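Position one of the first sequence corresponds to residue 1 (the working numbering), numbered consecutively onward.
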Amino acid sequence: MSTVRTRFAPSPTGHLHIGGARTALFAWLYARHTQGKFILRIEDTDAERSTDEYTRMILEAMAWLGLDWDEGPFYQSQRLDVYRGSVDKLLAEGKAYWCECTPAELEQRRAGALAEGRKPKYDQTCRHKGLGPGPGRVVRFASPQTGTTAFDDLIKGRIVVDNSELDDLILLRSDNMPTYNFTVVIDDADMHITHCIRGDDHVNNTPRQIAIYEALGLPVPLFAHVPMILGADKTRLSKRHGATSVMAYKEMGYLPEALVNYLVRLSWSHGDQEIFTLDELVKLFDIADVGKAAAVFNPDKLLWLNHHYIMNGDVQRLAGMLPDFVRASGLEPQGDAYLKRVVTDVRERTKTLKEMMTFGDFYFKEIKPEAELQAKFFTPDLAPVFKDLVSRLEKVDLTDKASVEEVFKQVLEIHQIKFKQIAQPVRVALTGKTVSPGIFEIIATLEKVVVDRLKTALACMEAR
RNA sequence: GGUCCCAUCGUCUAGGGGUUAGGACGCUGGCCUCUCACGCCGGUAACAGGGGUUCGAAUCCCCUUGGGACCGCCA
Numbered sequence: 001m002s003t004v005r006t007r008f009a010p011s012p013t014g015h016l017h018i019g020g021a022r023t024a025l026f027a028w029l030y031a032r033h034t035q036g037k038f039i040l041r042i043e044d045t046d047a048e049r050s051t052d053e054y055t056r057m058i059l060e061a062m063a064w065l066g067l068d069w070d071e072g073p074f075y076q077s078q079r080l081d082v083y084r085g086s087v088d089k090l091l092a093e094g095k096a097y098w099c100e101c102t103p104a105e106l107e108q109r110r111a112g113a114l115a116e117g118r119k120p121k122y123d124q125t126c127r128h129k130g131l132g133p134g135p136g137r138v139v140r141f142a143s144p145q146t147g148t149t150a151f152d153d154l155i156k157g158r159i160v161v162d163n164s165e166l167d168d169l170i171l172l173r174s175d176n177m178p179t180y181n182f183t184v185v186i187d188d189a190d191m192h193i194t195h196c197i198r199g200d201d202h203v204n205n206t207p208r209q210i211a212i213y214e215a216l217g218l219p220v221p222l223f224a225h226v227p228m229i230l231g232a233d234k235t236r237l238s239k240r241h242g243a244t245s246v247m248a249y250k251e252m253g254y255l256p257e258a259l260v261n262y263l264v265r266l267s268w269s270h271g272d273q274e275i276f277t278l279d280e281l282v283k284l285f286d287i288a289d290v291g292k293a294a295a296v297f298n299p300d301k302l303l304w305l306n307h308h309y310i311m312n313g314d315v316q317r318l319a320g321m322l323p324d325f326v327r328a329s330g331l332e333p334q335g336d337a338y339l340k341r342v343v344t345d346v347r348e349r350t351k352t353l354k355e356m357m358t359f360g361d362f363y364f365k366e367i368k369p370e371a372e373l374q375a376k377f378f379t380p381d382l383a384p385v386f387k388d389l390v391s392r393l394e395k396v397d398l399t400d401k402a403s404v405e406e407v408f409k410q411v412l413e414i415h416q417i418k419f420k421q422i423a424q425p426v427r428v429a430l431t432g433k434t435v436s437p438g439i440f441e442i443i444a445t446l447e448k449v450v451v452d453r454l455k456t457a458l459a460c461m462e463a464r
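Structure below.
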């Protein structure tokens, strides 16, 4: 049994998006599952749109997701000689030919074909002209026109296409740059890819690529076309459905393990299990279990998973991620120990790291309860209670929950009131809002500003 | 328009001849309770339609319908 070799081959013409990430994840998981190799290849033959910046960001996103590669990244732009060699071979063998049709002519013929209800493929005008190289000319592949081409897709099953459907696609552009359908064949063969795992938008390209493999006498890899990820309206996921780039999710406060866990469950499952660690996925993932149908991206479920990982993650690690978000809110992060206490306080009620900041802003800035809240909760009758509370709280260690609870107990006893009656007033005094972590948790974490904030509230009560 | 692919709750999915069609997200009722949340208990909701095959189809076959992809000197 030869070693499995999979690859991910993004084009650096944009960010790594959700769909690409899921495809990369499947290819990576399959390689890891089979103890094979995962290769990264950057398909940058479109010099117009490819940028180093996108390449850098794609690599960064891969790293963030934890998808490491064993070989590469290889850059197609650095392998032009390899492609030229194969083009020359096809040309010499009469399996490719020069074409002088201009883009304008092609566009016109395409429009005409479509208008007449015909398939808008190249009409092979130059196929038998016997042209040589020349300015503005391209090299086309002489696709077989009779018979059929078939392959057994690991996900979709057997797919058979009539060769008459095959187009004489362009191998070499007039600027001498090779095109995708050609380079992907050369590289997958060259890099000994055994399993070509990619989006199923490539299913229709596969027969044409197989024709090229065969024309060049190259071994054809196995194909696994993974279903698309769609937006809520069932059309291809795009910007109008919300954030689509992986790094945008990082910035919104999502954890990589949450995104990975969410994405892997799109078209793949393992019984009723919803939560998977990376190790479990490596152990359990198999292409054979990938479904055929497209999946709709569901932000709510992603959020639920993120919440799960925030609630159960390592506090130290989460605290370490928080500073970026604190600063993004224009606030000061404060010490690590403090951040850990904040995480512990808020994580049960926040679904993203970013939300920790909006929900727990009072941990990082001065607060000022709104007038309405003051009017509602800082009522004069509570002044004596708060006064007692403050004087007693000043004498105990606020981080010691038992002591603080004892103080409250005594004050409630003295004033003959229920905890419920002062809980919200205290909460508002401490946080400026009516929703927060538990009173005793806040007091322990806020520690040194507790008395000041209670005094401010007390002053407000007495002034009424 | 042609070719190819797809079809179980709103969404992600399990189930692949005999199940009260299961789980998860969401929504929702209740419990817990210092708010919110967490947690726990419950509820809502699906086999696209029509023909076959079969003693019996969600499951196998065909058609229809619906959706998607591709048909670029993009990848």
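Think of the CB as a built atom: it goes at the ideal place given N, C-alpha and C, for glycine as much as any other residue. None of the values given here were measured: they were computed from a predicted structure.
How long is the line joining the alpha carbons of residue i and residue j, rounded to whole angstroms?
{"i": "L166", "j": "I275", "result": "44 Å"}
{"i": "M479", "j": "L154", "result": "This structure gives no information on residue 479, because the portion of the chain shown stretches from 1 to 464."}
{"i": "M62", "j": "L454", "result": "48 Å"}
{"i": "L216", "j": "L90", "result": "7 Å"}
{"i": "N181", "j": "T146", "result": "20 Å"}
{"i": "M247", "j": "R5", "result": "27 Å"}
{"i": "A482", "j": "K119", "result": "Because residue 482 is not part of the residues shown, which for the chain are 1 to 464, the question remains open."}
{"i": "V138", "j": "D123", "result": "15 Å"}
{"i": "V290", "j": "F151", "result": "18 Å"}
{"i": "K340", "j": "L353", "result": "13 Å"}
{"i": "A288", "j": "L331", "result": "49 Å"}
{"i": "I442", "j": "W268", "result": "42 Å"}
{"i": "D162", "j": "V203", "result": "14 Å"}
{"i": "Q76", "j": "A295", "result": "31 Å"}
{"i": "F285", "j": "H33", "result": "7 Å"}
{"i": "G320", "j": "L25", "result": "26 Å"}
{"i": "R198", "j": "E366", "result": "51 Å"}
{"i": "A69", "j": "E60", "result": "Contrary to the premise, residue 69 reads as Trp rather than Ala in this sequence. One C-alpha to the other measures close to 13 Å."}
{"i": "P437", "j": "V342", "result": "10 Å"}
{"i": "D361", "j": "H15", "result": "31 Å"}
{"i": "Y254", "j": "N306", "result": "6 Å"}
{"i": "M177", "j": "D81", "result": "10 Å"}
{"i": "T431", "j": "A232", "result": "37 Å"}
{"i": "L67", "j": "T148", "result": "38 Å"}
{"i": "V260", "j": "I229", "result": "14 Å"}
{"i": "T13", "j": "A47", "result": "9 Å"}
{"i": "H195", "j": "P221", "result": "6 Å"}
{"i": "F378", "j": "I422", "result": "10 Å"}
{"i": "Q410", "j": "F386", "result": "12 Å"}
Since residue i is in the beta strand (DSSP E), which residue starts that stretch and which ends it?
{"i": "S75", "result": "Checking the sequence, you will find Tyr at residue 75 rather than Ser. Note, Y75: beta strand (DSSP E), 71 to 75."}
{"i": "I159", "result": "157 to 162"}
{"i": "T6", "result": "5 to 8"}
{"i": "W98", "result": "96 to 99"}
{"i": "A150", "result": "148 to 153"}
{"i": "K37", "result": "37 to 42"}
What are the boundary residues of the alpha helix (DSSP H) that residue i is part of?
{"i": "C460", "result": "450 to 462"}
{"i": "I422", "result": "419 to 431"}
{"i": "Y122", "result": "No alpha helix (DSSP H) holds Y122; DSSP gives it neither H nor E."}
{"i": "F378", "result": "Where F378 is concerned, there is no enclosing alpha helix (DSSP H), given that its DSSP letter is neither H nor E."}
{"i": "E274", "result": "That residue, E274, is in no alpha helix (DSSP H); it is neither H nor E in DSSP."}
{"i": "A444", "result": "439 to 446"}
{"i": "A27", "result": "18 to 33"}
{"i": "I472", "result": "Past the edges of the chain, shown from 1 to 464, lies residue 472, and the structure says nothing about it."}
{"i": "I58", "result": "52 to 65"}
{"i": "S391", "result": "383 to 393"}
{"i": "E107", "result": "103 to 115"}
Name the one or two DSSP bridge partners that residue i has.
{"i": "V296", "result": "L230"}
{"i": "P178", "result": "L172"}
{"i": "I197", "result": "A224"}
{"i": "F141", "result": "A96"}
{"i": "V290", "result": "W268"}
Does the beta carbon of residue i fall short of 7 Å from some heavy atom of the ligand NAP?
{"i": "E105", "result": "Summarising the ligand content, the structure contains no ligands, and the ligand NAP is consequently not present."}
For this session: Can you check the stretch 207 to 261 for any beta strand (DSSP E) of at least 3 residues that lies completely inside it and give the ranges in chain order?
Result: You should have 222 to 226.
Problem set entry | Stretch-stretch touch, CB-based, cutoff 8 Å, three pairs: the stretch 84 to 99 with the stretch 266 to 284 | The stretch 84 to 99 is not in contact with the stretch 266 to 284.
Exercise. Does the stretch 438 to 451 come close enough to the stretch 379 to 399 to have 3 or more Cβ pairs within less than 8 Å?
Worked result: Segments in contact, yes.
For this session: Would you be able to state if there are at least three C-beta pairs under 8 Å between the stretch 230 to 244 and the stretch 170 to 177?
Result: The stretch 170 to 177 vs the stretch 230 to 244: no contact.
For this session: Flag this pair as touching only if the stretch 129 to 144 and the stretch 97 to 116 have three or more C-beta atom pairs under 8 Å; answer yes or no.
Result: Segments in contact, yes.
Exercise. Does the stretch 18 to 35 come within contact of the stretch 223 to 242, defined as at least 3 CB pairs closer than 8 Å?
Worked result: Three or more Cβ pairs closer than 8 Å define a contact, and the stretch 18 to 35 meets that threshold against the stretch 223 to 242.
Problem set entry | Contact between the stretch 208 to 215 and the stretch 292 to 302 (3+ Cβ pairs under 8 Å) | Contact between the stretch 208 to 215 and the stretch 292 to 302 is absent: fewer than three C-beta pairs spanning the two stretches fall below 8 Å.
Exercise. Do the stretch 36 to 46 and the stretch 187 to 202 touch if we need at least three Cβ pairs shorter than 8 Å?
Worked result: At 8 Å Cβ cutoff, the stretches touch.
For this session: Give, in chain order, every unbroken run of the alpha helix (DSSP H) that is at least 4 residues long and sits entirely within the stretch 322 to 374.
Result: With a minimum length of 4 residues, the continuous alpha helix (DSSP H) runs that stay inside the stretch 322 to 374 are 336 to 346, 353 to 359.
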